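As given, the protein sequences belong to chains U and W, one line each in that order. Taking our numbering, I'd label the letters of the first sequence as residues 2 to 418. Taking our numbering, I'd label the letters of the second sequence as residues 2 to 418. For every residue, glycine included, the Cβ atom is placed at its ideal position computed from N, Cα and C. Please read all numbers here as calculations on a predicted model, not as lab measurements.
2 protein chains.
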Amino acid sequence: MTHTAEIISVGTELLLGNIINTDARDISVALSRIGINVFYHSVVGDNAQRVTEAVNLARTRADIIITTGGLGPTYDDLTKKSVAAAFGRKLVFHENEAEKIRAFFKDRLGHAEMTPNNLQQAYLPEGCVVFDNGCGTAPGCAIEADGIHALMLPGPPRECRAMLEASAIPYLEKLSDSAIFSHNIHIFGMGESSVEARLEEIMRSSENPTLAPYAKDSEVMLRVTAKAAARDEAEAMMDPIIARVRAELGDIIYGIDTGTLENTVVSLLRARGMTLAVAESCTGGLLSKRITDIPGASKVFLGGVIAYTDGAKTTLVGVPRGTIEKHGVVSPEVAEALAMHVRESLGADIALGITGVAGPGADEFGNPEGTVHIALASSDGVFRRSPPLFYDRTRIRVTAASHALDMARRYLDGLHV
Amino acid sequence: MTHTAEIISVGTELLLGNIINTDARDISVALSRIGINVFYHSVVGDNAQRVTEAVNLARTRADIIITTGGLGPTYDDLTKKSVAAAFGRKLVFHENEAEKIRAFFKDRLGHAEMTPNNLQQAYLPEGCVVFDNGCGTAPGCAIEADGIHALMLPGPPRECRAMLEASAIPYLEKLSDSAIFSHNIHIFGMGESSVEARLEEIMRSSENPTLAPYAKDSEVMLRVTAKAAARDEAEAMMDPIIARVRAELGDIIYGIDTGTLENTVVSLLRARGMTLAVAESCTGGLLSKRITDIPGASKVFLGGVIAYTDGAKTTLVGVPRGTIEKHGVVSPEVAEALAMHVRESLGADIALGITGVAGPGADEFGNPEGTVHIALASSDGVFRRSPPLFYDRTRIRVTAASHALDMARRYLDGLHV
Chain U
2 MTHTAEIISV GTELLLGNII NTDARDISVA LSRIGINVFY HSVVGDNAQR VTEAVNLART
62 RADIIITTGG LGPTYDDLTK KSVAAAFGRK LVFHENEAEK IRAFFKDRLG HAEMTPNNLQ
122 QAYLPEGCVV FDNGCGTAPG CAIEADGIHA LMLPGPPREC RAMLEASAIP YLEKLSDSAI
182 FSHNIHIFGM GESSVEARLE EIMRSSENPT LAPYAKDSEV MLRVTAKAAA RDEAEAMMDP
242 IIARVRAELG DIIYGIDTGT LENTVVSLLR ARGMTLAVAE SCTGGLLSKR ITDIPGASKV
302 FLGGVIAYTD GAKTTLVGVP RGTIEKHGVV SPEVAEALAM HVRESLGADI ALGITGVAGP
362 GADEFGNPEG TVHIALASSD GVFRRSPPLF YDRTRIRVTA ASHALDMARR YLDGLHV
Chain W
2 MTHTAEIISV GTELLLGNII NTDARDISVA LSRIGINVFY HSVVGDNAQR VTEAVNLART
62 RADIIITTGG LGPTYDDLTK KSVAAAFGRK LVFHENEAEK IRAFFKDRLG HAEMTPNNLQ
122 QAYLPEGCVV FDNGCGTAPG CAIEADGIHA LMLPGPPREC RAMLEASAIP YLEKLSDSAI
182 FSHNIHIFGM GESSVEARLE EIMRSSENPT LAPYAKDSEV MLRVTAKAAA RDEAEAMMDP
242 IIARVRAELG DIIYGIDTGT LENTVVSLLR ARGMTLAVAE SCTGGLLSKR ITDIPGASKV
302 FLGGVIAYTD GAKTTLVGVP RGTIEKHGVV SPEVAEALAM HVRESLGADI ALGITGVAGP
362 GADEFGNPEG TVHIALASSD GVFRRSPPLF YDRTRIRVTA ASHALDMARR YLDGLHV
């Protein structure tokens with residue numbers, strides 16, 4: 002039997018637009034992974050009556066109800082009470098949960114004094130399955146009645162994601178028979194509409210597995226999804242589709258299930274036993290930040306310079322002042338000098354240099370917003386890329402960093418940079 | 002009379018979690034700005050029956066219904082048909098909208114040839130108010146029946162935001178009498194539950210204006226919201242609440258309506274005519290990235306070093322090897338050396354140094370994950386902070402960068418650092 006889930010997010014801050022509903026997205030992704038359909042997302046404010054109404058409505062159109070938010074210690078955290086009411090349950094005090102909350106404050110936050118309202122989080126519906134909160138104080142839980150399951154998860158995205166993977170998905174997998182298996186094909190260097198045009202015939206003709214494109218920042222991801230009883234069966238269904246996509250797109254595919262470009266670059270560096278250094282101007286630390294987001298980056302990333310000013314370029318990196326004066330600070334030559342000098346001073350195998358104009362507006366020399374020059378220095382010489390970038394400051398910075406990572410990825414893969 | 006709105010987002014990609022519902026956020030922010038309450042967000046798939054059901058449900062609990070998505074040229078773009086059905090209207094062909102669509106393809110996309118399905122976008126409910134699409138082909142529209150208004154906006158966030166501001170909000174402002182005015186009080190240095198405990202009495206006793214806390218990363222934001230006919234009236238209502246909050250929390254309030262810590266620091270630097278440099282280890286560029294996210298940061302941010310390895314600390318920053326050997330690389334002394342030397346080499350007024358263990362796990366010297374030492378170097382000497390940080394790599398890096406920014410903010414504000 003296939004299950005139908007409805008996600009109810011509780012929080013007036015969502016209705017005021019103070020935060021985005023990333024929890025519903027994260028839960029939807031996880032549910033489709035295990036083959037559970039989601040027909041509705043709902044968002045309601047911190048209002049007991051409306052939460053109960055939303056739960057009662059959900060009971061008429063779904064057999065799995067997942068709530069997020071409203072589990073906290075404050076007076077407006079009323080999800081458990083409202084859901085329990087809809088299921089005809091009382092809230093009861095769980096002493097061992099209270100102990101965990103006291104311990105959390107003592108051990109993790111280092112101070113014994115805890116405001117009493119925190120113990121409200123230890124009241125849970127009678128007869129529920131308790132979900133531990135790996136990174137917060139509010140436990141979640143699940144209750145079941147007449148074959149309808151209600152799972153209550155915390156609102157803070159980190160806590161919600163952690164409890165989803167550790168407790169909610171395992172709980173739900175026991176209810177599901179067939180599963181969804183998928184692979185993500187990661188692409189850099191072609192726009193979504195061009196990718197779609199190239200693959201239109203494959204996408205149209207595929208029902209199971211399906212092939213669908215998703216654009217994010219300056220990248221395109223293709224997801225191949227198969228519904229099957231078991232992993233090996235699904236793989237056999239997906240292999241030919243992936244082969245056709247590879248034949249169509251070639252080496253602009255930078256990885257399958259490898260996650261981000263930075264992830265791919267760090268993995269390639271580790272596999273090659275090589276090191277990386279950077280000298281970034283207009284990206285202002287974003288490139289380094291993305292690389293060091295990856296756990297274990299310290300094994301291969303030596304560091305670099307935020308060469309945000311001419312002074313930083315000359316003093317910290319050692320770019321000759323003459324190069325800046327002759328070619329202008331936003332030039333391929335300065336990008337090359339940044340890469341070459343930071344590679345030398347840190348003794349890195351490869352180094353990336355970026356200079357450009359993130360905007361808003363042109364720089365004082367009239368270089369338009371979006372002008373970016375990138376260089377990769379290596380023992381095989383220096384490679385350049387000067388992609389014209391668009392949209393806004395944020396997008397220009399992200400895309401510039403992505404181009405730099407793509408150059409590193411292509412170099413490390415032995416491709417034409 | 003106050004209006005109640007419900008936002009219905011149409012799109013299976015939302016239910017699959019392929020995209021986040023930023024449209025609902027953007028619309029909620031705009032509606033609260035003009036004093037329209039939002040009690041529900043709903044998300045439904047590209048399914049005519051469920052969209053019609055969602056609209057019919059919304060008609061029972063809201064007098065303003067705003068849909069996003071499903072206005073495009075493809076077969077699953079069925080919002081207009083479904084909403085029109087719920088309002089008992091037919092779709093009629095609008096020739097002048099068709100002209101705009103043909104022109105868009107010709108002028109903006111540069112190719113005259115246009116697939117015929119694009120003209121489906123020119124079919125709109127009879128008697129509707131048409132909303133021009135400033136950055137796409139799909140026009141939006143509004144219809145009204147029995148005092149209930151339905152506004153249909155496109156799904157792509159850029160198009161939705163543009164049409165919202167250009168057409169939807171002006172349309173709705175004509176319906177609204179009172180408006181909502183609010184101020185955001187930004188806090189760093191106290192957890193949400195402690196802030197709430199301190200302010201509980203104010204929060205409980207406030208109905209108009211209201212006072213509500215929102216936790217994000219390592220910060221807490223308090224929003225004071227007043228409903229009034231005019232701005233000055235609202236300000237007079239909010240002033241005493243803000244004064245009471247200030248009296249209660251003091252200088253952990255880093256700003257009102259100032260946005261982020263990095264925003265505050267860049268503004269303070271510009272106001273003081275001072276410059277900043279950084280040398281960051283465990284944050285790996287995140288601190289610089291956050292500072293350079295702010296347009297105009299180049300006026301005050303000189304740059305810095307990602308001193309991710311000992312080599313980078315000694316070679317690029319000039320930290321004496323002896324300091325590292327004597328105190329260990331994760332030590333207050335190395336944080337101080339990072340700040341002092343980068344300040345000197347870039348000639349900055351103030352400089353921030355960070356060294357620590359972002360994790361996962363302890364470092365090779367046994368410093369536990371979350372050990373972070375931060376220093377601020379200035380003409381008044383060097384200041385230190387070694388906050389114990391928790392949770393995970395991402396949270397530790399963000400919070401460490403926030404502490405560094407808070408030290409700069411406090412120094413620039415003449416407070417005890």
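- Annotated as proximal: THR276 (chain W) and ASP350 (chain W), with beta-carbon spacing under 7 Å.
- The beta carbon of LEU288 (chain W) is closer than 6 Å to those of VAL279, GLU281, ALA402 and ALA405 in its chain, skipping five residues each way along the sequence.
- The C-beta of ALA237 (chain W) has fewer than 16 other C-beta atoms within 10 Å across all chains shown, which makes the residue exposed.
- Runs of alpha helix (DSSP H) with 4 or more residues, each lying fully within the segment 94-174 of chain U, are found at 96-104, 158-164 and 170-174, listed in chain order.
- Secondary structure within the segment 31-86 of chain W: the alpha helix (DSSP H) runs of 4 or more consecutive residues, fully enclosed, are 49-62 (chain order).
- In this chain, the beta strand (DSSP E) harbouring ALA213 (chain U) covers 211-217.
- Beta-bridge partners of ILE257 (chain W) (DSSP): W:ILE186.
- Burial check for PHE94 (chain W): the Cβ neighbour count within 10 Å stays below 16, so the residue is exposed.
- Beta bridge pairing from DSSP links LYS228 (chain U) with U:ILE181.
- Around the C-beta of SER380 (chain U), fewer than 16 other C-beta atoms lie within 10 Å, and the residue is accordingly described as exposed.
- DSSP places ILE295 (chain W) in the coil class of the three-state scheme, outside both helix and strand.
- By the neighbour-count criterion, in which a residue is buried when 16 or more other Cβ atoms sit within 10 angstroms of its Cβ, PHE189 (chain U) is buried.
- Beta-bridge partners of ILE375 (chain W) (DSSP): W:ILE355 and W:ARG386.
- For VAL399 (chain W), there is no enclosing beta strand (DSSP E); the enclosing alpha helix (DSSP H) has its first and last residue at 394-413.
- Taking the Cα of ALA229 (chain W) as reference, the smallest distance to any Cα among W:GLU208, W:ALA272, W:VAL130 and W:GLN121 is reached at W:GLU208.
- Taking the Cα of LYS81 (chain U) as reference, the smallest distance to any Cα among U:HIS4, U:VAL56 and U:LEU270 is reached at U:VAL56.
- Just so you know, the alpha carbons of ILE203 (chain U) and THR69 (chain W) end up roughly 29 Å apart.
- Residue burial annotation: THR3 (chain U) is exposed, with fewer than 16 other C-beta atoms found within 10 angstroms of its C-beta.
- Inclusion of THR265 (chain W) and GLY274 (chain W) in the CB contact set at 7 Å is not warranted, their separation being larger than that value.
- Excluding five sequence positions before and after PRO210 (chain U), the CB atoms of its chain that fall closer than 7 Å to its own CB belong to VAL225, THR226, ALA227, MET238, MET239 and ILE242, given in chain order.
- In the DSSP assignment, GLY323 (chain U) falls within the alpha helix (DSSP H) that extends over 322-328.
- Beta-bridge annotation (DSSP): GLY304 (chain W) is paired with W:ALA278.
- Collapsing the DSSP output to three states places ALA349 (chain U) in coil.
- From the beta-carbon of TYR392 (chain W), the residues of chain U found nearer than 9 Å are ARG109, CYS136, GLY137 and ARG159.
- In the structure shown, the three-state DSSP call for MET222 (chain W) is strand.
- Here ILE67 (chain W) is not near ALA59 (chain W), since their CB atoms are 7 Å or more apart.
- The three-state reading of DSSP puts SER332 (chain W) in coil, since its state is none of H, G, I, E or B.
- Around the C-beta of ALA198 (chain U), fewer than 16 other C-beta atoms lie within 10 Å, and the residue is accordingly described as exposed.
- For the segment 9-33 of chain U, residues whose beta-carbon sits nearer than 9 Å to a beta-carbon of chain W comprise SER10, THR13, GLU14, LEU15, LEU16, LEU17, GLY18, ASN19, ILE20, ILE21, ASN22, THR23, ALA25, ARG26, ASP27, ILE28, SER29, VAL30, ALA31, LEU32 and SER33.
- Within chain U, the residues placing a beta-carbon under 7 Å from that of GLU197 (chain W) are THR75, ordered along the chain.
- Under the three-state reduction of DSSP output, ALA272 (chain W) falls in the helix class.
- Residue environment: ASP47 (chain U) is assigned as buried (16 or more neighbouring CB atoms within 10 Å of its CB, all protein chains considered).
- Collapsing the DSSP output to three states places GLU370 (chain W) in coil.
- Taking a Cβ-Cβ cut-off of 7 Å, the neighbours of ARG51 (chain U) in chain W comprise PHE40, given in sequence order.
- Exclusion of the five residues before and after LEU32 (chain W) leaves ALA6 and VAL39 as the residues of its chain whose Cβ lies within less than 7 Å of its Cβ.
- Interface annotation for the segment 305-329 of chain W against chain U: GLY305, VAL306, ILE307, ALA308, TYR309, THR310, GLY312, ALA313, THR316 and LEU317, criterion Cβ-Cβ distance under 7 Å.
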